[in-house]
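Chemist: Residue numbers (full-length UniProt numbering): 1 to 681.
We put the CB at the ideal spot given by N, CA and C, even for glycine.
Structure incoming, see below.
Here you go:
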């Protein structure tokens with residue numbers, strides 16, 4: 001064996017002796033235990049002559065340390081390993097700190113951003129109180145963005161057919177549409193029918209070309225009907241007028257181009273003359289003229305054909321949707337699209353939208369009606385049709401209570417309307433829907449103290465005994481009565497349920513006598529928008545308390561009810577200016593336009609009449625000599641035609657007979673020629 005191996009064996013022997021001595025001393029002692037000496041590891045490669053370099057290093061260490069220091073060295077090796085572990089842990093912690101340094105920087109940046117935002121908000125609030133224009137503009141911009149988010153439009157909910165399918169199912173809707181179509185075809189082909197009704201007349205010949213499926217379904221506002229004629233919008237277009245610098249809104253405008261302005265003048269001539277037949281003929285010639293569609297729908301209402309009236313309003317809105325731009329549709333969905341009500345072309349959209357909305361309410365499609373009310377409100381935040389008074393009952397009917405609370409909070413803080421105190425009373429019903437009974441009680445008690453005359457009237461409308469706390473507190477002015485009656489007219493049915501009535505009675509019973517000395521002496525009078533809504537609703541109780549000066553303003557036509565004063569209008573065409581023009585000049589202009597239209601469509605009308613005559617003769621089986629032995633020319637009198645020589649001889653007499661014809665009720669159609677005495681042989 002080498003000397004190196006001998007030295008290692010000697011070390012092991014010495015260590016064993018030392019351990020034996022320590023064990024004996026521990027047994028002799030009173031239980032004191034000495035330090036435990038760790039047995040050094042012996043390399044398994046030592047006896048085999050392992051790595052020489054490693055062995056030489058160990059030999060040098062052994063020689064330097066000496067046999068006496070072997071035991072302490074073996075004890076110190078463990079702490080040295082612990083120190084190395086601590087150093088490694090410190091290094092790891094330093095690495096982790098280095099790795100976390102960017103995140104800490106981001107957190108500091110976030111904290112700085114939050115601080116900056118808070119400072120900016122404080123600056124906005126402080127400067128707003130001080131009246132800073134920049135701060136006021138910033139606050140208005142933030143408010144506009146919040147309103148845009150609240151009034152964003154979902155195009156899916158603008159289509160009534162979608163809600164109808166949800167309510168009744170697709171199969172039921174398809175079956176009803178098929179039955180309706182069969183009934184229309186039966187009426188149009190009935191051999192015993194001597195007089196064509198308005199609906200059949202407006203549909204035109206059965207073989208007329210129809211609109212494509214894409215045009216019917218991809219409209220922004222209305223899903224079209226298959227039997228609508230295939231014609232263009234005849235010059236109605238949409239343009240972008242201006243855009244806000246901050247991107248919160250973009251204004252658009254409908255424009256009458258080309259022949260559309262002339263058609264508008266011809267339409268006004270029909271209105272001035274009061275000739276309903278000429279009006280319907282004009283619509284037959286120009287089937288997508290919006291003003292004529294709205295006016296003829298009123299004729300259909302007089303004939304109690306509410307379905308046809310609603311369809312004509314749909315066709316008017318469909319026409320508006322056909323000419324919308326892609327940017328308008330996109331901004332409309334985000335609540336950023338605007339239309340200026342001062343433009344007469346735009347006002348036709350509000351009028352058609354209002355009447356269509358009322359037809360939706362009659363059908364019970366409240367979700368679609370709410371979406372239309374939101375759209376009409378957001379297009380002009382000045383609310384020219386007082387849509388806020390339709391939004392709150394519709395939102396309650398479709399369980400949009402949370403949205404309604406946010407909407408009323410927003411308009412209360414931003415709107416100049418003085419009637420929001422009445423609208424806020426619907427928050428009580430909204431909180432009842434949200435199961436917040438305590439909040440509803442608190443709001444109701446506050447409302448009874450603020451507008452006790454409203455609740456006194458509400459108790460009477462619900463046939464309830466008025467409690468002593470608000471007894472005898474009725475509206476004492478026309479302005480206050482108007483707002484009370486308008487609110488009750490819209491929301492009375494919503495209060496007429498067991499939960500709301502119980503809440504009314506319990507809160508009013510526990511309430512002390514309301515002190516009205518600190519309340520305002522009167523409310524602000526109704527604005528033009530609310531007056532226009534009352535005028536369209538046609539309720540006598542509302543009209544009796546509406547401002548007289550606004551109701552008596554002129555011009556005031558059914559196709560443009562209570563328009564703004566002339567100086568506030570933005571005119572882009574002569575046809576829309578005619579209602580404000582001098583009556584004689586307006587008649588002359590309308591007559592000239594009407595003559596132009598008659599000349600232009602004379603050939604088209606003659607072709608249409610000839611087609612209708614041929615269809616009627618084919619259905620009745622009149623070929624050559626008919627069943628009565630008469631020539632076809634002699635039979636033309638039965639369907640509205642006369643020989644040319646008879647018309648020439650009797651033209652003067654016919655005019656005299658027409659002048660002596662007795663008056664018919666509004667909307668009535670001319671009697672059959674047989675009954676009138678024409679065409680008799």
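Between residue 517 and residue 336, what straight-line distance do the alpha-carbon atoms span, to the nearest angstrom?
Modeler: One C-alpha to the other measures close to 44 Å.
Chemist: Could you tell me the distance, in whole angstroms, from the CA atom of residue 313 to the CA atom of residue 419?
Modeler: Distance between the alpha carbons of residue 313 and residue 419: 30 Å.
Chemist: For the alpha helix (DSSP H) containing residue 279, name the first residue and the last one.
Modeler: Residues 276-285.
Chemist: Please report the distance separating the alpha-carbon of residue 262 from that of residue 296.
Modeler: Using only the alpha carbons, I get a separation of about 18 Å.
Chemist: Flag this pair as touching only if the region 550-560 and the region 572-582 have three or more C-beta atom pairs under 8 Å; answer yes or no.
Modeler: The region 550-560 vs the region 572-582: in contact.
Chemist: So, do the region 502-511 and the region 391-411 have three or more beta carbon pairs nearer to each other than 8 Å?
Modeler: Because the criterion of three Cβ pairs below 8 Å is not met, the region 502-511 and the region 391-411 do not touch.
Chemist: With a threshold of 8 Å, are at least 3 pairs of Cβ atoms found where one atom belongs to the region 297-310 and the other to the region 343-350?
Modeler: No, because fewer than three Cβ pairs between the region 297-310 and the region 343-350 fall closer than 8 Å, the two stretches do not touch.
Chemist: Looking at C-alpha atoms only, which residue of 219, 167 and 378 is the closest neighbour of residue 252?
Modeler: Among 219, 167 and 378, the Cα nearest to that of residue 252 is on 378.
Chemist: Taking residue 446 as part of the alpha helix (DSSP H), name the residues at either end of that continuous run.
Modeler: Element bounds for residue 446: 437-450.
Chemist: Enumerate in chain order the residues of its own chain whose CB-to-CB distance from residue 216 is below 6 Å, with the five nearest sequence positions on each side excluded.
Modeler: Excluding positions up to five away in sequence, the list reads 224.
Chemist: DSSP has residue 337 in a bridge; who is on the other side?
Modeler: In the DSSP output, where bridge partners are listed per residue, residue 337 has 250.
Chemist: I need the boundaries of the beta strand (DSSP E) containing residue 345, first residue and last residue.
Modeler: That residue, residue 345, is in no beta strand (DSSP E); its alpha helix (DSSP H) goes 344-363.
Chemist: For residue 387, is the classification buried or exposed, using 16 other Cβ atoms within 10 angstroms of its Cβ as the cut-off for buried?
Modeler: Flag for residue 387 reads buried.
Chemist: Please state the DSSP three-state secondary structure of residue 434.
Modeler: Note: residue 434 maps to coil in three-state DSSP.
Chemist: Considering only C-alpha positions, which residue in the set 503, 270, 485 and 438 is nearest to residue 542?
Modeler: Answer by Cα proximity: 485.
Chemist: Give a yes or no on whether the C-beta atoms belonging to residue 244 and residue 229 are separated by under 8 Å.
Modeler: No, the pair does not count as a contact, with Cβ atoms beyond the cut-off.
Chemist: Provide the residue(s) that pair with residue 242 in DSSP beta bridges, ordered along the chain.
Modeler: Note: residue 242 sits in a beta bridge opposite 251.
Chemist: Which of the three DSSP states is assigned to residue 227 in this structure?
Modeler: Here residue 227 sits in coil by DSSP.
Chemist: Quick check on DSSP: helix, strand or coil for residue 379?
Modeler: Reduced to three states, the DSSP call for residue 379 is helix.
Chemist: Is the region 363-372 in contact with the region 155-165, if contact means three or more CB pairs nearer than 8 Å?
Modeler: Output reads yes: the region 155-165 touches the region 363-372.
Chemist: What are the start and end residues of the alpha helix (DSSP H) that includes residue 266?
Modeler: Residues 260-273.
Chemist: Any idea what DSSP makes of residue 374, helix, strand or coil?
Modeler: Three-state result, residue 374: helix.
Chemist: Identify the continuous alpha helix (DSSP H) that holds residue 406 and give its terminal residues.
Modeler: From DSSP, the alpha helix (DSSP H) with residue 406 extends over 401-414.
Chemist: Take residue 439 and list the residues in its own chain whose beta-carbon comes closer than 8 Å to its own, dropping the five residues that flank it on each side.
Modeler: Contacts found: 431.
Chemist: Please report the straight-line C-alpha distance between residue 575 and residue 242, rounded to a whole angstrom.
Modeler: In a straight line, the C-alpha of residue 575 is about 24 Å away from that of residue 242.
Chemist: Among residues of its own chain, excluding the 5 on either side of residue 267, which ones have a beta-carbon nearer than 7 Å to its beta-carbon?
Modeler: Excluding positions up to five away in sequence, the list reads 282, 289, 291 and 292.
Chemist: Under the assumption that residue 235 contacts residue 260 (Cβ atoms under 8 Å), give the Cβ distance between them as a whole number of angstroms.
Modeler: About 3 Å; that satisfies the 8 Å criterion.
Chemist: Classify residue 285: buried if its beta carbon has 16 or more other beta carbons within 10 angstroms, exposed otherwise.
Modeler: Buried is the call here.
Chemist: Taking DSSP's pairing of strands, which residues face residue 557 in a bridge?
Modeler: BP columns for residue 557 point to 560.
Chemist: Would you mind stating whether residue 222 and residue 370 have Cβ atoms separated by less than 8 Å?
Modeler: Not in contact: residue 222 and residue 370 (Cβ atoms no closer than 8 Å).
Chemist: Over what stretch of residues does the alpha helix (DSSP H) that includes residue 392 continue unbroken?
Modeler: Counting along the chain, the alpha helix (DSSP H) containing residue 392 begins and ends at 388-397.
Chemist: Between the alpha carbons of residue 410 and residue 570, how many angstroms are there, rounded?
Modeler: The alpha-carbon atoms of residue 410 and residue 570 are separated by roughly 30 Å.
Chemist: So, helix, strand or coil for residue 210, using DSSP?
Modeler: In this structure, residue 210 counts as strand in the three-state DSSP scheme.
Chemist: Just to confirm before moving on: does the CB-CB distance between residue 469 and residue 514 stay below 8 Å?
Modeler: The answer is yes: Cβ separation under 8 Å.
Chemist: Taking all protein chains shown into account, do 16 or more other C-beta atoms lie within 10 angstroms of the C-beta of residue 156, making it buried, or fewer, making it exposed?
Modeler: With fewer than 16 other Cβ atoms within 10 Å, it is exposed.
Chemist: Can you tell me whether residue 338 is buried or exposed? The criterion is at least 16 other CB atoms within 10 Å of its CB, across all chains shown.
Modeler: Residue 338 should be labelled buried.
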